[in-house]
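Residue numbers (this note's numbering): 870 to 998. Cβ coordinates follow ideal geometry from the N, Cα and C atoms, glycine included. Notes follow the structure.
Structure representation (structure tokens):
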């Protein structure tokens, strides 16, 4: 269903991105597909990162089977899933200023340390290329 709505989501990403229901109702596969969709070309990478962080925070506190499956799996599976989500974002397009702003946000602070490290390391690597 999200695939059909991508043009609308792209046009209103800023307002949809802040909706708690969007984050708590979106499954990991749908989120990954959405973030990597070419039709979101106009959406900033920092906004996509914030979406991932907000999704994780919303889903970590929700009571859904698919969320429990994500949150309760072993660390390697969680890391792999999170890396897949981050891989859907072109980190090389995120400026230092935008990344710094993201790192100062509540979204960033709410992430577990290992996920903050994954994002930081991936962003640094993308900037080196």
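Look at the Cβ atom of residue i, then the Cβ atom of residue j, and state whether they are nearer than 8 Å.
i	j	result
residue 913	residue 966	no
residue 976	residue 896	no
Can you list, in chain order, the residues of its chain whose CB lies under 8 Å from that of residue i, leaving out five sequence neighbours each side?
i	result
residue 955	918, 921, 987, 988 and 991
residue 970	915
residue 934	A caution first: residue 934 carries a pLDDT of 47, below 50, which makes its placement in the model unreliable, though a value can still be read off. Cβ within range, chain order: n/a, list empty.
residue 892	920, 923, 924, 926, 927 and 928
Starting from residue i, trace the alpha helix (DSSP H) in both directions and tell me its first and last residue.
i	result
residue 900	897-905
residue 890	889-894
residue 885	882-886
residue 975	975-979
Could you check which residue in the options has the C-alpha nearest to that of residue i?
i	options	result
residue 957	982, 907 and 970	907
Under 6 Å Cβ to Cβ from residue i, same chain only, skipping five residues before and after it: list those, please.
i	result
residue 981	none
Apart from the five residues just before and just after residue i, which ones in its own chain have a Cβ nearer than 7 Å to its Cβ?
i	result
residue 974	919
residue 951	984 and 987
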